[in-house]
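These notes are about the structure you will find just below.
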Amino acid sequence: MKTEPNKNLRQFQQVMEIIERNEHDRSRLIPILQQIQDAYRYLPPQVLTYIATALDMPVAEVYGVATFYAHFSLEAKGKYIIKVCDGTACHVKGSSRLLDTLYKKLELNRNKLTTDDMMFTVEAVSCLGACGLAPVMVVNEKVYGEVNEKRCDEILKQIKEEETMATTLQEA
Amino acid sequence: MNDMEIMTTINLNQVKETYDKAAARIHKRIIVCAGTGCIANGALLVHKALEDAIQSAGLGLFIELELNQHDDHEPDKKSYQMTGSGCQGFCAQGPLVNILPDEIMYVKVKPDDAAEIIEKTIQNDQTIERLLYVNPVNSQRNKGQKDIPFYARQNRLVLGECGHVDPENIREYISHGGYFAAEQAFTRMTDIEVCDVIQESGLRGRGGGGFPTARKWHLTRLEQSDKKYVICNADEGDPGAFMDRSLMEGNPHRIIEGMMIAARGIGADEAYVYVRLEYPLAVKRMRKAIADATEAGILGEHIFGTEHHMFIHIMEGAGAFVCGEETALIASIEGKRGMPVPKPPFPAQKGLFGKPTVINNVETLAAVPLIIRNGATWFNQYGTAGSKGTKTFAITGHVANTGLIEVPFGTTLREIVYNIGGGVIDDQGNVTGEGFKAVQIGGPSGGCLTEEDLDLPLDYDNLLAKGAMVGSGGLVVMNKQSCMVQIARFFMSFTQSESCGKCVPCREGTKQMLSLLDDIIDGTANQETFDMLEEIGLVVKKASLCGLGKTAPSPVLSTIVKFKDEYLQHIHDKRCATNNCLALRSITIDPEKCIGCMACARKCPVHAISGERKQVHVIDPEICTKCGICFEVCKFDAVLGFN
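Top line first, the protein sequences correspond to chains A and B. Heads up: the first sequence at position 127 corresponds to 127 in our numbering, and the numbers run straight through without jumps. Heads up: the second sequence at position 401 corresponds to 1401 in our numbering, and the numbers run straight through without jumps.
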């Protein structure tokens, strides 16, 4: 991914603040990565190198941690991250069908999880602990229960409408 | 908070008294469940609508109790309190609205119902029939938790205050007797006494293994060290288990109090709560609870005026199931990959940052204040000889009432499934008298129980003897339409992808087991596949490093024992009796129902269907790809083989 130099600089500025806030503490590597991912929606490779230098530890170790945990992504994610729960209760109640529906509607598949316009990322995740409402889907932090195909349609439509509205407002 | 700030030592009695006095002035109280489940169903909108309705009816409403209000202030004016609560466990019926002191519980409440609730129930003491829970067994309406079998047959001790106290209000927790046990432990008990009471209570770890809690505490207490830690393991990764989430969302102060008592018992002054990041609401409530307790002087330096200190940090996980294993969890807090290390040394000797550490599960810690408060004998009156107290179970799957329950150890499966759970449902959601096939208990580490085990008293030892385990308490009910090979495969694929990759038996063994299961499901297996599956399973169980690997084969091994015929049918007859395995399905057309409309033949993408107009059609199994299009287009339900 190409980035303009000045944008790059700003990127590191924010990383630096996050590391400062965590007092350059190596044992706080995971919270540091979490905060950086919150800020950028993913962990850009050059940032990982920067963290390693700032914390005075091998880059391999930072990569090791970043690739170990399912939450961390080294690829850019969409603005809306749709998590489909695949815990036992949701699985029994048809979460794989829901996942297929999402793939179909957003033209994604198991190997391509983010839409080209960087709007949506679809992930199957382990149990979200809302088993009474299976199957469950979470968009960013909002939980939707008993999601069937129709409900799924409505949710996507609503997000898209809000997005169009926001762009129109911005342009105006 | 002004009454608290000026005091260096909090006077719990005074806080309780003031709060109770204020609460006594309340005419009615409305509690809206604000757990993850109910919020997803719109509980916050219901809360807002009720608030607006009270205001527009001109009633005095307190969201926060006015503690300094004088008794003579408009004595005739009735006042009402409205609060949120944590998860009440009956998630499928949400949003739930409880009204006290009437003890009315309304289910599936919509914002539009708010005005009616205020007018009828709050102002005129009437019950709105249509909002009451309908018992699916006899279609009768139940008024409140006392009448609803789902609640009435439980013993909610650990979950007791969940759903009653406002989780975001520390004073309400104190008014329910909260933090008195911590105060007692720090000011009137020695560390040995604290550990001894827990030992006498017989409390065992609720996170899975069932290790005696007091033994861990005593071991850590005896270690000489300048620093010790307490860790609350809230990395609840088992699919289908959500009791830790509910406890953190519903009663976070109880967990803090439990951690304080543990710290007192072992001599620690610092603690971590390791929470899954999939639980944002639980994290938020725990953070607020810690901040409030610190502000009140309950946490921090010189707590309760003693020389002891106590600090609690929150650490969010990053999505790794293996971090529920204690040594992996410690590695994760230290900022490393969450991989387990061999024991010994045990965390009690060398734990977090090399210091003696006690790790307890959320539910275990939540039971601790109750034991100190009410005594060991009160606690161990519940349960069986080897398993004392109560256990929470998350019941899900094919059962009428899904949700979170708490029962004493020794309760039978029959009681849980048929009386509390309301019975087994079929795929259409109807309660049927029969139809029970199995219960999967203990998640990916557990096993299956069948009809013959329905009257088995559930406790740690009985379940282990049956090849299952209590685990964290996930309990998935399955009806006759469930394929056990598919269930085994589901758990295997979970543990396979969650294996951390450190030791070979788990990393390679789970992969092989998964692909053998795939062969069985795809119809390419033979007897050798079956034998090898069992053999590898036993090796993984014996040779793996940590609990994840050691228990990963359990779902497979237990179904192999209980449902051997079903496996063999898949392997030898290439048939899945429940029709769940796509490759083994035989798709046929019912000659009784087919009218020869030709719709299916026209739509079949591989031209596998033949037949003349107004004649019965036939599917050629050699060509058929089982895509299901014929099933979708048939208006006469004549295509058989799809569920």
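Don't be surprised by glycine CBs; every beta carbon is placed ideally from N, CA and C. Model, not experiment: these values are computed from the prediction.
Go to residue i, then tell me how far its alpha helix (DSSP H) extends in each direction, as first and last residue.
{"i": "residue 91/A", "result": "88-92"}
{"i": "residue 1440/B", "result": "It is not in any alpha helix (DSSP H) - residue 1440/B instead sits in the beta strand (DSSP E) that spans 1436-1441."}
{"i": "residue 1029/B", "result": "Careful: residue 1029/B lies outside any alpha helix (DSSP H), inside the beta strand (DSSP E) at 1026-1033."}
{"i": "residue 1036/B", "result": "1036-1040"}
{"i": "residue 22/A", "result": "From DSSP, residue 22/A is part of no alpha helix (DSSP H); its letter is neither H nor E."}
{"i": "residue 1059/B", "result": "That residue, residue 1059/B, is in no alpha helix (DSSP H); it is neither H nor E in DSSP."}
{"i": "residue 1511/B", "result": "1504-1522"}
{"i": "residue 1250/B", "result": "1243-1250"}
Which chain A residues are close to residue i, counting only those with a beta carbon under 7 angstroms from its beta carbon?
{"i": "residue 1336/B", "result": "65"}
{"i": "residue 1394/B", "result": "131"}
{"i": "residue 1239/B", "result": "87, 88, 126 and 127"}
{"i": "residue 944/B", "result": "Nothing about residue 944/B can be reported from this structure: the residues present for chain B run from 1001 to 1643 only."}
How would you list, in chain order, the residues of chain B whose beta-carbon sits under 7 angstroms from the beta-carbon of residue i?
{"i": "residue 71/A", "result": "1277, 1318 and 1319"}
{"i": "residue 30/A", "result": "1318, 1332 and 1335"}
Quick check on the burial criterion: 16 or more other C-beta atoms within 10 angstroms. Buried or exposed for residue i?
{"i": "residue 1121/B", "result": "buried"}
{"i": "residue 1188/B", "result": "exposed"}
{"i": "residue 1183/B", "result": "buried"}
{"i": "residue 122/A", "result": "buried"}
{"i": "residue 1381/B", "result": "exposed"}
{"i": "residue 1072/B", "result": "For residue 1072/B, the pLDDT reaches just 46, beneath the cut-off of 50, and the residue's location in the model is therefore unreliable, although a value from the coordinates is still provided. Under this definition residue 1072/B is an exposed residue."}
{"i": "residue 1010/B", "result": "buried"}
{"i": "residue 1190/B", "result": "exposed"}
{"i": "residue 1089/B", "result": "buried"}
{"i": "residue 1530/B", "result": "buried"}
{"i": "residue 1637/B", "result": "exposed"}
{"i": "residue 1246/B", "result": "buried"}
{"i": "residue 1070/B", "result": "Reliability of the predicted coordinates at residue 1070/B is poor, the pLDDT of 48 falling under 50, and the value obtained from them is presented with this limitation in mind. Result: exposed."}
{"i": "residue 1192/B", "result": "exposed"}
{"i": "residue 1169/B", "result": "buried"}
{"i": "residue 1630/B", "result": "buried"}
{"i": "residue 1498/B", "result": "buried"}
In chain A, what lies closer than 8 angstroms to residue i by C-beta?
{"i": "residue 1476/B", "result": "88, 89 and 92"}
{"i": "residue 1245/B", "result": "129"}
{"i": "residue 1041/B", "result": "133 and 145"}
How about residue i and residue j: do their beta carbons lie closer than 9 angstroms?
{"i": "residue 1227/B", "j": "residue 1270/B", "result": "yes"}
{"i": "residue 147/A", "j": "residue 83/A", "result": "no"}
{"i": "residue 1633/B", "j": "residue 1590/B", "result": "no"}
{"i": "residue 1360/B", "j": "residue 1213/B", "result": "yes"}
{"i": "residue 1279/B", "j": "residue 1325/B", "result": "no"}
{"i": "residue 1318/B", "j": "residue 1277/B", "result": "yes"}
{"i": "residue 1488/B", "j": "residue 1408/B", "result": "no"}
{"i": "residue 1309/B", "j": "residue 1300/B", "result": "yes"}
{"i": "residue 1475/B", "j": "residue 1439/B", "result": "yes"}
{"i": "residue 39/A", "j": "residue 18/A", "result": "yes"}
{"i": "residue 1689/B", "j": "residue 1559/B", "result": "Outside the shown range of chain B (1001 to 1643) lies residue 1689/B, about which nothing can therefore be said."}
{"i": "residue 1392/B", "j": "residue 1473/B", "result": "yes"}
{"i": "residue 1158/B", "j": "residue 1334/B", "result": "no"}
{"i": "residue 1137/B", "j": "residue 1403/B", "result": "no"}
{"i": "residue 1094/B", "j": "residue 1040/B", "result": "yes"}
Chain B partners of residue i, CB-CB under 8 angstroms?
{"i": "residue 107/A", "result": "Here the premise fails: no neighbours, minimum Cβ distance about 20 angstroms."}
{"i": "residue 95/A", "result": "Residues of chain B passing the Cβ test: none, with the nearest at roughly 11 angstroms."}
{"i": "residue 173/A", "result": "What is shown of chain A runs 1 to 172, which leaves residue 173/A out entirely."}
Along the chain, where does the beta strand (DSSP E) containing residue i start, and where does it finish?
{"i": "residue 1394/B", "result": "1390-1397"}
{"i": "residue 1079/B", "result": "1079-1085"}
{"i": "residue 1358/B", "result": "1357-1361"}
{"i": "residue 64/A", "result": "Segment 59-68 is the alpha helix (DSSP H) holding residue 64/A; no beta strand (DSSP E) there."}
{"i": "residue 1352/B", "result": "First-last for residue 1352/B: undefined, no H or E at that position."}
{"i": "residue 1404/B", "result": "1403-1408"}
{"i": "residue 1598/B", "result": "Per DSSP, residue 1598/B belongs to no beta strand (DSSP E) and is neither H nor E."}
Taking C-beta pairs closer than 9 angstroms, name the residues in chain A that residue i reaches, listed in chain order.
{"i": "residue 1011/B", "result": "Result: empty, since nearest Cβ-Cβ is about 36 angstroms, beyond 9 angstroms."}
Got a sec: does the ligand MN put a non-hydrogen atom nearer than 8 angstroms to the Cβ of residue i?
{"i": "residue 1489/B", "result": "You won't find the ligand MN in this model; it holds no ligand whatsoever."}
If the cut is a Cβ gap below 9 angstroms, which residues of chain B does residue i touch?
{"i": "residue 26/A", "result": "1334 and 1335"}
What are the start and end residues of each continuous beta strand (DSSP E) run of 3 or more residues lying completely inside the segment 1257-1338 of chain B, in chain order? Runs of the beta strand (DSSP E) lying entirely within the segment 1257-1338 of chain B and spanning at least 3 residues, in chain order: 1270-1275 and 1311-1316.
Whole runs of the beta strand (DSSP E) within the segment 1451-1483 of chain B, excluding any shorter than 3 residues: Whole beta strand (DSSP E) segments, 3+ residues: 1474-1479.
Complete alpha helix (DSSP H) runs within the segment 77-136 of chain A (minimum length 4 residues, chain order): List check, alpha helix (DSSP H) in window: 88-92 and 95-106.
Residue ranges of each alpha helix (DSSP H) within the segment 1525-1594 of chain B, 4 or longer: Listed in chain order, they are 1527-1543, 1547-1551, 1554-1562 and 1564-1568.
Just to confirm the assignment: which complete alpha helix (DSSP H) runs, minimum length 4, are found wholly within the segment 1602-1640 of chain B? The qualifying runs are 1629-1633.
Counting only runs of 4+ residues fully inside the segment 1141-1221 of chain B, write out the alpha helix (DSSP H) ranges in chain order. Those alpha helix (DSSP H) runs which fall completely within the segment 1141-1221 of chain B and span 4+ residues are 1149-1152, 1170-1175, 1180-1187 and 1191-1201.
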